[in-house]
Amino acid sequence: MSLKTFSYRGLIKLLNPGVAASDKPRRAQHAAAAALGRRTGPHAGWAAHVRVVDLRSDTVTKPGPAMRQAMAEAEVGDDVMGEDPTVNELQKIAAEMLGMEAALFVPTGTMSNLIAVMVHCRERGDEMIVGDLSIYTSMSKEELAGVHSTTVTTLLDGTFDLEQLELKIRHGYPDPHYPRSRLICVENTHNIQGGRVLPLTFLQEVRALADRYGLSVHMDGARVMNAAVALGVPPSTILQNIHTVSVCLSKGLGAPLGTMLAGPKEFISRAVRCRKALGGGMRQAGIVAAAGKLSLLEMVKRLEEDHCNAKTFAQALLDCDPALFGVDMAAVETNIVRFSLQEISPSEFCARMGQVCEGEEAALGQGIQVLMYPHFGNSVRAVWHLGISPEDTQLAIQKMQFVTSQYWKQKAL
Ligand SMILES: *Cc1c(COP(=O)(O)O)cnc(C)c1O
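Structure, rendered in structure tokens:
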């Protein structure tokens with residue numbers, strides 16, 4: 001992310017609503033000056049120009065000039081009639097890359113996972129088995145599709161205990177006391193567990209179990225491309241034991257929106273019906289599919305850079321002396337760093353990282369705002385993406401070191 005003009009008031013409000021209210025007139029002046037690109041007043045330098053390093057999520061990426069140009073020039077047609085050439089091309093590219101018979105362009109990952117569950121679990125009362133820390137595959141299934149779910153414990157590395165998984169499979173069907181187990185859902189990389197990559201052997205074992213009981217396996221592969229890059233294998237290798245997969249184009253791959261749902265031909269033709277029923281049939285969708293094509297063809301290879309930056313930051317947390325952070329380096333496999341804090345609370349740490357404070361400009365040469373969120377289990381999550389360069393990562397490290405030294409200083413007083 002380059003030098004940024006930003007709305008100071010908006011950010012302060014987001015991070016600290018109380019401050020924004022009391023400081024409103026001054027902040028408003030600075031924001032107005034910043035918008036005009038002028039520097040005014042004693043704090044003009046830091047108020048108008050502060051570096052912002054946004055590590056909240058890889059969903060904050062914006063399409064660059066090449067992607068916007070491809071969108072502007074996209075050939076389009078009515079996709080609900082199957083006539084959008086760019087959408088058709090994207091679906092063909094995705095199916096090939098993922099090693100699936102067919103693929104479907106869907107507006108969001110949430111809808112894509114929902115469609116998958118609806119197609120796999122077609123009889124009212126069918127049941128799916130999903131990890132207790134998967135948000136997107138467990139959302140809306142009961143509400144919208146009448147599908148039961150039962151959960152297995154998500155382990156630290158995103159996998160399940162296979163014995164527990166087997167115990168959750170109902171053997172009694174068609175005994176009227178039991179729903180029918182139909183589907184196992186896995187998530188790769190695992191979001192809440194910090195971008196963990198599911199081992200290929202685990203996927204093999206899940207598939208063997210599914211085959212034994214006649215179940216299907218769906219992967220919420222929102223970040224499966226990150227998993228492929230981390231393992232150094234093509235995504236089709238990860239998916240060889242998976243029946244269907246959902247892959248987000250709008251996260252690390254940088255498209256403004258869109259998800260690919262892929263699987264057997266028969267599955268995809270049913271998925272088209274579900275997508276329409278859910279209101280996801282889009283017309284001249286080639287305008288966004290053009291961005292998706294670049295995501296798949298051009299953006300996968302740069303994910304390595306995100307993984308590398310994430311590791312650099314994690315190592316810097318670990319190197320802090322005296323120690324303030326807990327990080328498992330072996331768990332930093334992709335673009336997400338999840339770390340715990342001793343002493344200071346996650347929300348206080350995030351607030352300090354997000355604010356430019358007194359003396360910062362003198363110490364660091366500029367104001368740096370690093371945005372990140374408190375996360376599950378007294379931890380903080382930071383996510384790398386194409387908007388964050390190695391230089392931004394160094395700025396985030398500088399800021400983190402500044403915040404920790406300020407913390408110790410204040411504590412010593
Ligand atoms: C982001 C995400 C999704 C889908 O998100 P949308 O915002 O609906 O596109 C699904 N699964 C995981 C693991 C995700 O991180």
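Residue numbers (the UniProt record's numbering): 1 to 413. Even for Gly, the Cβ is constructed at its ideal location relative to N, Cα and C. Here the structure is a predicted model, which is why all the values come from computation and not from measurement.
Next item on the list: Taking only runs that begin and end inside the region 85-119, name each unbroken beta strand (DSSP E) of 3 or more residues, in chain order.
Entry: 102-106
Next item on the list: Can you grab the Cα-Cα spacing for the pair G41 / V380, in whole Å?
Entry: Within the sequence shown, the letter at position 41 stands for residue 41. Within the sequence shown, the letter at position 380 stands for residue 380. Caution is warranted here: a pLDDT of 35 is assigned to G41, below 50, making its placement in the model unreliable, and the coordinate value is therefore given only provisionally. Pairing G41 with V380, the inter-Cα distance amounts to about 36 angstroms.
Checklist line | Coarse secondary structure for Y407, derived from DSSP in three states | finding: Position 407 of the sequence shown, counted from the start, is the residue given in the question as residue 407. Looking at Y407 - three-state DSSP - the assignment turns out to be helix.
Item checked: Helix, strand or coil at L198 according to DSSP, with G and I counted as helix -> Indexing the sequence shown from 1 puts residue 198 at position 198. Reduced to three states, the DSSP call for L198 is coil.
Checklist line | Cβ shell of G367 (< 6 angstroms), same chain only, five flanking positions each side left out | finding: For this step, residue 367 is matched to residue 367 along the sequence shown. Hits under 6 angstroms: W46, V50, V356, E360 and E361.
Checklist line | Close Cβ partners of F402 (< 7 angstroms) along its chain, the five nearest in sequence each way excluded | finding: Mapped onto the sequence shown, residue 402 falls at position 402. Once the five neighbours on either side are set aside, the close Cβ partners of F402 are E360, A363 and L364.
Notebook entry, point to check: Going along the chain, which unbroken runs of the beta strand (DSSP E) with 3 or more residues stay wholly within the region 221-295?
Noted result: 244-248 and 259-263
Margin query: Could you check whether L253 and L296 sit closer than 9 angstroms to each other, using their CB atoms as the reference points?
Written below: For the purposes of this step, residue 296 is taken as residue 296 along the sequence shown, with counting starting at 1. For the purposes of this step, residue 253 is taken as residue 253 along the sequence shown, with counting starting at 1. In this structure, L253 lies closer than 9 angstroms to L296 by Cβ.
Next item on the list: Pair every Cβ in the region 210-225 with every Cβ in the region 167-187, then say whether three or more of these pairs are closer than 8 angstroms.
Entry: yes
Checklist line | Whether S112 touches M329 by CB criterion (9 angstroms) | finding: Here residue 112 is taken as the residue at index 112 of the sequence shown, counted from 1. Here residue 329 is taken as the residue at index 329 of the sequence shown, counted from 1. No, the pair does not count as a contact, with Cβ atoms beyond the cut-off.
Check: Comparing alpha-carbon positions, which option in L231, Q342 and A290 lies nearest P85?
Finding: Here residue 85 refers to the residue found at position 85 when the sequence shown is read from its first residue. It is A290 whose Cα lies nearest to the Cα of P85.
Margin query: Looking at the strands, I want to know which residues DSSP matches up with R180.
Written below: Working through the sequence shown from its first residue, we reach residue 180 at position 180. Looking at the DSSP assignment, R180 forms a beta bridge with D126.
Notebook entry, point to check: Using CA coordinates, which residue listed in M118, Q406 and A72 is at the minimum distance from E358?
Noted result: Working through the sequence shown from its first residue, we reach residue 358 at position 358. Ranking the options by Cα distance to E358, first place goes to Q406.
Note to self: To the nearest angstrom, how far is the alpha carbon of A412 from that of C350?
What the structure shows: Residue numbering aside, residue 412 sits at position 412 when the sequence shown is read from its first letter. Residue numbering aside, residue 350 sits at position 350 when the sequence shown is read from its first letter. If you take the alpha carbons of A412 and C350, they lie about 21 angstroms apart.
Notebook entry, point to check: What is the DSSP secondary structure of F313, reduced to helix, strand or coil?
Noted result: Against the sequence shown, residue 313 aligns to sequence position 313. In this structure, F313 counts as helix in the three-state DSSP scheme.
Checklist line | Contacting residues, own chain, Cβ-Cβ under 7 angstroms from Y178 (five flanking each side not counted) | finding: If you number the sequence shown from 1, residue 178 lands on position 178. Taken in chain order, the residues that qualify are R170 and G172.
Notebook entry, point to check: Can you give the beta carbon distance from G354 to F339, rounded, assuming they're within the 8 angstroms contact cut?
Noted result: Numbered from its first residue, the sequence shown carries residue 354 at position 354. Numbered from its first residue, the sequence shown carries residue 339 at position 339. No, G354 and F339 are not in contact; Cβ-Cβ is about 16 angstroms, not under 8 angstroms.
Item checked: Coil, strand or helix - I336 by DSSP -> Position 336 of the sequence shown holds residue 336. Reduced to three states, the DSSP call for I336 is strand.
Next item on the list: Evaluate Y213 with the Cβ neighbour count: other Cβ atoms within 10 Å of its Cβ, from every protein chain shown; 16 or more gives buried, anything less gives exposed.
Entry: If you number the sequence shown from 1, residue 213 lands on position 213. It is exposed - the Cβ of Y213 has fewer than 16 other Cβ atoms within 10 Å.
Item checked: Heavy atom of ligand 3 within 8 angstroms of Y373 beta-carbon -> Absence of ligand 3 is noted for the structure shown, with ligand 1 being the only ligands found.
Margin query: I need the straight-line Cα distance from H30 to R352, nearest angstrom please.
Written below: On the sequence shown, position 30 is the one that residue 30 refers to. On the sequence shown, position 352 is the one that residue 352 refers to. Since pLDDT at H30 reaches only 38, below the 50 mark, its modelled position is unreliable, and the value read off the structure follows with that caveat. Going from the Cα of H30 to the Cα of R352 covers about 20 angstroms.
Checklist line | Bounding residues of the alpha helix (DSSP H) (the contiguous stretch that carries P346) | finding: Sequence index remark: in the sequence shown, residue 346 carries index 346 (1-based). Judged by DSSP secondary structure, P346 falls within the alpha helix (DSSP H) whose first and last residues are P346 to G354.
Note to self: Is S246 a contact residue of ligand 1, with contact defined as CB to any heavy atom under 8 angstroms?
What the structure shows: Residue 246 sits at position 246 when you count from the first residue of the sequence shown. Under cutoff, so the answer is yes.
Checklist line | Residues with C-beta closer than 5 angstroms to any heavy atom of ligand 1, in chain order | finding: Here the residues close to ligand 1, judged by CB distance below 5 angstroms to any of its heavy atoms, are T108, G109, T110, Y136, N191, D220 and A222 in chain order.
Margin query: Can you give me the C-alpha to C-alpha distance between K399 and V60, rounded to a whole angstrom?
Written below: Start at 1 with the first residue of the sequence shown, and residue 399 comes out as number 399. Start at 1 with the first residue of the sequence shown, and residue 60 comes out as number 60. In a straight line, the C-alpha of K399 is about 21 angstroms away from that of V60.
Note to self: One question on the structure: do A116 and A271 come within less than 9 angstroms of each other, judged by their Cβ atoms?
What the structure shows: What you label residue 116 is simply residue 116 of the sequence shown in a count that begins at 1. What you label residue 271 is simply residue 271 of the sequence shown in a count that begins at 1. For A116 and A271, yes; Cβs fall inside 9 angstroms.
Margin query: In this structure, how does DSSP classify A208 when only helix, strand and coil are distinguished?
Written below: Within the sequence shown, residue 208 is the residue found at index 208, counting from 1. The answer is helix: DSSP assigns A208 an H, G or I state.
Note to self: On the CB-based measure, 16 or more other CB atoms within 10 Å of its CB, does K141 come out buried or exposed?
What the structure shows: Position 141 of the sequence shown holds residue 141. K141 comes out buried.
Check: Hey, would you say T189 sits closer than 9 angstroms to G158, going by beta carbons?
Finding: Counting from 1 along the sequence shown, the entry for residue 189 is found at position 189. Counting from 1 along the sequence shown, the entry for residue 158 is found at position 158. For T189 and G158, yes; Cβs fall inside 9 angstroms.
Next item on the list: For the alpha helix (DSSP H) containing P174, list its first residue and its last residue.
Entry: The residue labelled residue 174 in the question sits at position 174 within the sequence shown. No alpha helix (DSSP H) holds P174; DSSP gives it neither H nor E.
Notebook entry, point to check: So what's F376 in DSSP terms, helix, strand or just coil?
Noted result: Within the sequence shown, the letter at position 376 stands for residue 376. Of the three classes helix, strand and coil, the one that applies to F376 here is coil, per DSSP.
Note to self: Within the continuous beta strand (DSSP E) that includes L371, where are the two ends?
What the structure shows: Residue numbering aside, residue 371 sits at position 371 when the sequence shown is read from its first letter. Where L371 is concerned, the enclosing beta strand (DSSP E) stretches over I368 to L371.
Notebook entry, point to check: For E305, which option in S149, A314, H385 and W408 has the closest C-alpha, if you only look at C-alpha atoms?
Noted result: Indexing the sequence shown from 1 puts residue 305 at position 305. Checked all of S149, A314, H385 and W408; the closest Cα to E305 is H385.
Margin query: Pairs of beta-carbons, one from the region 129-137 and one from the region 146-160, closer than 8 angstroms: are there three or more?
Written below: Counting Cβ pairs under 8 angstroms, three or more are found: they touch.
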